[in-house]
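**Student:**
In the UniProt record's numbering, the protein residues as written are 1 to 127.
1. When DSSP labels each residue in this structure, what does residue 6 get in the three-state scheme?
2. Would you grab the beta carbon distance between residue 101 and residue 108 for me? Rounded to a whole angstrom, and I think it's under 8 angstroms.
3. Buried or exposed for residue 6, please, with buried defined as at least 16 other CB atoms from any protein chain shown within 10 angstroms of its CB.
4. By the three-class DSSP mapping on this structure, what secondary structure does residue 89 have?
5. Mark residue 14 as exposed unless 16 or more other C-beta atoms lie within 10 angstroms of its C-beta, in which case mark it buried.
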């Protein structure tokens with residue numbers, strides 16, 4: 001459902017922004033975004049080509065901006081989860097080693113190496 005709502009968000013958000021710009025600019029025969037162009041766009045054909053290119057470029061920029069924001073948020077959430085997982089695994093490792101402290105020292109070192117290796121292997125695999 002997340003992907004569906006994300007796509008709807010992108011389409012509706014960009015469409016509403018562009019529709020608002022066009023509603024103001026078309027009756028006045030101005031471009032949707034104030035800009036200087038090196039040619040005269042008073043001719044209807046040139047105006048519509050310029051207007052459509054402006055709208056298209058605005059849509060592309062808006063889509064990239066929205067996708068970047070969603071991607072950045074998702075990456076930050078993944079990093080946060082992985083840091084919390086690392087903290088949890090380290091806490092479990094310390095508690096396990098404290099409980100096994102009375103065992104043979106060789107077994108304790110092997111257990112420590114195995115637990116540490118598991119934690120490192122998991123987080124290296126993420127990178």
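By construction, the Cβ of each residue, glycine as well, lies at the ideal position given by its N, Cα and C atoms.
The structure displayed is predicted, hence computed values, not measured ones.
**Tutor:** On the basis of the supplied data:
1. Taking the first residue of the chain shown as 1, we reach residue 6 at position 6. Shown here, residue 6 sits in a helix according to DSSP, grouped into three states.
2. The sequence position of residue 101 within the chain shown is 101, counting from 1. The sequence position of residue 108 within the chain shown is 108, counting from 1. About 7 angstroms separates the beta carbons of residue 101 and residue 108, which is inside the 8 angstroms limit, making them a contact pair.
3. Along the chain shown, one-based indexing puts residue 6 at 6. Residue 6 is exposed by the Cβ-count criterion.
4. Within the chain shown, numbered from 1, the residue matching residue 89 stands at position 89. Correct three-state label for residue 89: helix.
5. Here residue 14 refers to the residue found at position 14 when the chain shown is read from its first residue. Under this definition residue 14 is a buried residue.
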